[in-house]
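What follows is a set of notes on a single structure, which appears directly below.
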Amino acid sequence: MTQQHGTVAVIGNPTSDKGRGAKIDAQVIELLERAGEVHGFGVIDLTGTSFDDSLNRARTEADRYDHLVVVGGDGMIALGANAVGNSGKPLGIVAIGSGNDFARGLRLPIDRVEVAVEGIVGAIVRGSHIDVDMGHVVSMPGGRAVEPSTGAEIDAVEHSEAPIDRYYAGMLSCGLDASINDRANHSRLPSGTLRYLSAVLVELTRLKSYGYHVRVTPVDGEVEEMDIVTPLLTVANSRHIGGGIQVSPYSLFADGQLDLIWINHMPNLPECAQAVSKAYGDRLLGCRIFSWRRIREIEITRASEGADPPVLMADGEYVGHLPVKVTACDRALRVLVPPAVAAAEARRTDRDVEAMLRRDGRDPFTGAFTRD
1 MTQQHGTVAV
11 IGNPTSDKGR
21 GAKIDAQVIE
31 LLERAGEVHG
41 FGVIDLTGTS
51 FDDSLNRART
61 EADRYDHLVV
71 VGGDGMIALG
81 ANAVGNSGKP
91 LGIVAIGSGN
101 DFARGLRLPI
111 DRVEVAVEGI
121 VGAIVRGSHI
131 DVDMGHVVSM
141 PGGRAVEPST
151 GAEIDAVEHS
161 EAPIDRYYAG
171 MLSCGLDASI
181 NDRANHSRLP
191 SGTLRYLSAV
201 LVELTRLKSY
211 GYHVRVTPVD
221 GEVEEMDIVT
231 PLLTVANSRH
241 IGGGIQVSPY
251 SLFADGQLDL
261 IWINHMPNLP
271 ECAQAVSKAY
281 GDRLLGCRIF
291 SWRRIREIEI
301 TRASEGADPP
311 VLMADGEYVG
321 HLPVKVTACD
331 RALRVLVPPA
341 VAAAEARRTD
351 RDVEAMLRRD
361 GRDPFTGAFT
371 RD
């Protein structure tokens, strides 16, 4: 049979969900192989023994495949983004993790394996995809990476720290949001949404003000530097985090920009309650405790005041320690989506975001509130 649609590589997470991941990985491969017999593409399994092993296999064996499909949650999105980002090879997503926030933002099927695979096959056959932005995190002098899946420290090699060089599709979490993600990762609750909601409620009782010094390159205007002492600092490309919380409702996937979001003062109990009540809609940034800026690049170092920030996280995986530099990468990741999804994403434009900003009373350039 002629493979007119090339070869599809699959990477799963067989150790996830107490071994359930291995069964789903096998199901996905079987479904793709059946579809490949009909539509003319081959299937190979590149799943490794760890995040780094799978990522290395995807990179070193890139000449063996034309499309990469990842099976799992946001952590697998991180793997896929770092494997095929900037290459033009399309990424297919079977979202079955605890958060699934990147897939949620793209309106892809969640926890529906057969529907997700059907959509991927249709996208391959029709050549349907969208190109989305990514964030690129690199360490500055003194910054160091950690083990992506566990957050464990990496032994220094030849007296030098392990450098950070990571892409992400969703969000870089630097404060409270990273602590929530870490707590949810260790939760035994069965539902992803319950894990994150429970983690939010616990971490809100343990708020700390972390100290950051940021050097921001905005979309328009001059470079700015400031100290931010805050419980939360996020550099977002997508809208959702934590199983559906819309931390960054103004984000667009393909605008060449990132969204910097932080809490501008230590919130009191009513302010926390208001934020929690709005977390699962698109009105969270209407709360006065949040500041917001559109940016193209940011350097984040340690401020002289405030507590030491936690380990940074991105797309559900651990990244490392400050200081870091984060850059927006315009349309650097190609994602396989059904035509209907591509059309829906194309309809979400700057006009929609501008309407949300007017509703929330924010200036689109400075991010400041325009009315009391």
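Under the UniProt record's numbering, the residue at position 244 of the sequence shown is numbered 244, and the numbers go up by one with no gaps.
Ideal placement from N, C-alpha and C gives every residue a C-beta, glycine not left out.
Whether residue i touches residue j by CB criterion (9 Å)
{"i": "R206", "j": "S179", "result": "yes"}
{"i": "V311", "j": "V137", "result": "no"}
{"i": "L258", "j": "L176", "result": "no"}
{"i": "F253", "j": "I130", "result": "yes"}
{"i": "E63", "j": "D255", "result": "Here residue 63 turns out to be Asp, not Glu, going by the sequence shown. Contact: no."}
{"i": "Q246", "j": "D220", "result": "no"}
{"i": "A81", "j": "L260", "result": "no"}
{"i": "C174", "j": "V229", "result": "no"}
{"i": "F51", "j": "L79", "result": "yes"}
{"i": "P249", "j": "M356", "result": "yes"}
{"i": "G143", "j": "H321", "result": "yes"}
{"i": "S209", "j": "G306", "result": "yes"}
Through-space distance from residue j to residue i, alpha-carbon basis
{"i": "A9", "j": "P267", "result": "47 Å"}
{"i": "P14", "j": "D155", "result": "26 Å"}
{"i": "S251", "j": "G40", "result": "37 Å"}
{"i": "A368", "j": "L91", "result": "37 Å"}
{"i": "G21", "j": "R239", "result": "26 Å"}
{"i": "D227", "j": "I124", "result": "47 Å"}
{"i": "A169", "j": "V94", "result": "15 Å"}
{"i": "G85", "j": "P270", "result": "42 Å"}
{"i": "R195", "j": "G127", "result": "37 Å"}
{"i": "H213", "j": "P309", "result": "11 Å"}
{"i": "Y280", "j": "A342", "result": "24 Å"}
{"i": "F365", "j": "R293", "result": "7 Å"}
{"i": "W262", "j": "R288", "result": "11 Å"}
{"i": "M76", "j": "R183", "result": "19 Å"}
{"i": "T7", "j": "M140", "result": "38 Å"}
{"i": "D165", "j": "V202", "result": "31 Å"}
{"i": "A328", "j": "K23", "result": "36 Å"}
Element boundaries [beta strand (DSSP E), containing residue i]
{"i": "D63", "result": "Taken as a continuous stretch (DSSP letters only), D63 belongs to no beta strand (DSSP E), as it is neither H nor E."}
{"i": "I261", "result": "258-263"}
{"i": "M313", "result": "312-314"}
{"i": "V8", "result": "7-11"}
{"i": "G92", "result": "91-95"}
{"i": "R166", "result": "165-168"}
{"i": "S173", "result": "171-173"}
One or two residues paired with residue i in a DSSP bridge
{"i": "I120", "result": "Answer is none; I120 lacks a bridge partner."}
{"i": "L336", "result": "H129"}
{"i": "I300", "result": "V214, V324"}
{"i": "S139", "result": "V324"}
{"i": "C287", "result": "In DSSP, C287 forms no bridge with anything."}
Residue range of the alpha helix (DSSP H) that includes residue i
{"i": "K278", "result": "269-278"}
{"i": "R104", "result": "101-105"}
Does the pairing of the stretch 93-112 with the stretch 36-56 give three or more beta-carbon distances under 8 Å? The stretch 93-112, when compared against the stretch 36-56, does not touch it at the 8 Å Cβ threshold.
Report yes or no: do the stretch 137-153 and the stretch 330-338 share at least 3 C-beta pairs separated by less than 8 Å? no
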